[in-house]
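Counting with the working numbering, you get residues 4 to 256 for the letters of the sequence shown. In this text, a Cβ means the ideal position worked out from N, Cα and C, and glycines have one as well.
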Amino acid sequence: MDSVRSPEWPVAPLGGLAANSASTRYGQPVGGPPTPVQHPPPPPPYRPPAVPATTAPVPTTRTGATAAPPIPVKLLIAGGFGVGKTTTVGAISEIAPLTTEAEMTSAGIGVDDPGLGSAKTTTTVAMDFGCVTIDRSLKLYLFGTPGQHRFGFMWDDLARGALGALVVVDSSRLDDCYPAIDFFERAGLPFVVGVNAFDGRLTHELGAIRWALAIGDHVPLVQFDARDRLSVRDALLVVLDRALDRAVREKSV
């Protein structure tokens, strides 16, 4: 049987180069130098785009000098159970306050008494935390204490480093604030008694409350509303003034 050849390519002589080889097709001589392969140039090295700086500007004074950071001042918000400590911190804090609220259960009946007519359903089991900047030179860090007697062991740790305290009082339940006042008197920490005006009114006059609490005239007694930011601010400024007065007296001794 004759071999089948493609009619498109000439027959090479016997022993010669196949007519349908790549050299014959593309005209490259046998044994000649190979045609160099043209590779595309390598891509340039990757460089991430420059990110503009987003750092906050450094505060400066009018003269151009770098302003000093505000002085941190630690204050306590203390008092009995359900008197409005958590509300006080939340009303003035410039950040979302850190709270440790837990649901009150039937196990606390007879132990945790929020008072008659109270709609309180949660209680602080550790502490509350918030902060507020008074001005460029002063920033307050507020620590609210738990009100239940079983968490009283935390008060010593929370009071460490504090310069003063605001003792929140419910005028209809004065008995609940006696332990807080005794604590700060024993600790020697300056404090201010702030009577929280529930529903905008007091059960007793401020003079009668001072007599019932048996506090001296050197202890400021103020009325405020724990829900109102400006009212809380005014009460804290009294605490600052009390702490500053004590610091000045101790420095002059």
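With DSSP as the reference, label residue 136 as helix, strand or coil. Strand.
Just mark residue 251 as buried or exposed, buried being the case when its beta carbon has 16 or more other beta carbons within 10 Å. Answer is exposed; the Cβ neighbour count stays below 16.
Under 7 Å, do residue 146 and residue 101 count as touching if we go by C-beta distance? No.
With residue 227 as the anchor, note down where its beta strand (DSSP E) starts and where it stops. Unbroken beta strand (DSSP E) run through residue 227: 224 to 227.
For residue 77, I'd like the list of residues in its chain whose CB is within less than 7 Å of its CB, leaving aside the five on either flank, ordered along the chain. Short of 7 Å from the beta carbon of residue 77, and not among the five residues preceding or following it, lie these beta carbons of its own chain, in chain order: 144, 146, 164, 165 and 166.
Report buried or exposed for residue 98, applying the criterion of at least 16 other Cβ atoms within 10 angstroms of its Cβ. The C-beta of residue 98 has fewer than 16 other C-beta atoms within 10 Å across all chains shown, which makes the residue exposed.
Ordered list of beta strand (DSSP E) runs contained in the stretch 139 to 187, each at least 3 residues: The stretch 139 to 187 contains these whole beta strand (DSSP E) runs: 141 to 147 and 167 to 173.
Check whether residue 73 and residue 140 have beta carbons under 7 Å apart: When the beta-carbon positions are compared, residue 73 and residue 140 come within less than 7 Å of each other.
Determine the direct distance from the alpha carbon of residue 156 to that of residue 81, and round the result to whole angstroms. Residue 81 and residue 156 have their C-alpha atoms roughly 13 Å apart.
What residue range does the beta strand (DSSP E) around residue 78 cover? Going by DSSP, residue 78 is part of the beta strand (DSSP E) stretching over 74 to 82.
Taking 8 Å as the cut-off, does the stretch 204 to 220 touch the stretch 239 to 247 (at least 3 CB pairs, one atom from each stretch)? Verdict: no, contact absent.
In chain order, what residues of the same chain have a beta carbon less than 7 Å from the beta carbon of residue 186, not counting five sequence neighbours either side? Cβ within range, chain order: 158.
Name, in chain order, the residues that DSSP records as bridge partners for residue 194. Residue pairing by DSSP places residue 194 opposite 168 in a beta bridge.
Exposed or buried, residue 254, counting other C-beta atoms within 10 Å across all chains shown (16 or more means buried)? By the neighbour-count rule (16 or more Cβ atoms within 10 Å), residue 254 is not buried but exposed.
DSSP has residue 131 in a bridge; who is on the other side? Residue pairing for residue 131: DSSP places it in a beta bridge opposite 147.
What residues match up with residue 101 in a beta bridge as DSSP calls it? Residue pairing by DSSP places residue 101 opposite 132 in a beta bridge.
Could you tell me the boundaries of the alpha helix (DSSP H) in which residue 252 lies? Note, residue 252: alpha helix (DSSP H), 232 to 255.
Under 8 Å Cβ to Cβ from residue 3, same chain only, skipping five residues before and after it: list those, please. An answer regarding residue 3 cannot be provided, because it is not within the stretch 4 to 256 covered by the chain.
When the distance is taken between beta carbons, is residue 88 closer than 7 Å to residue 171? Against a cut-off of 7 Å, the Cβ pair of residue 88 and residue 171 comes out as a contact.
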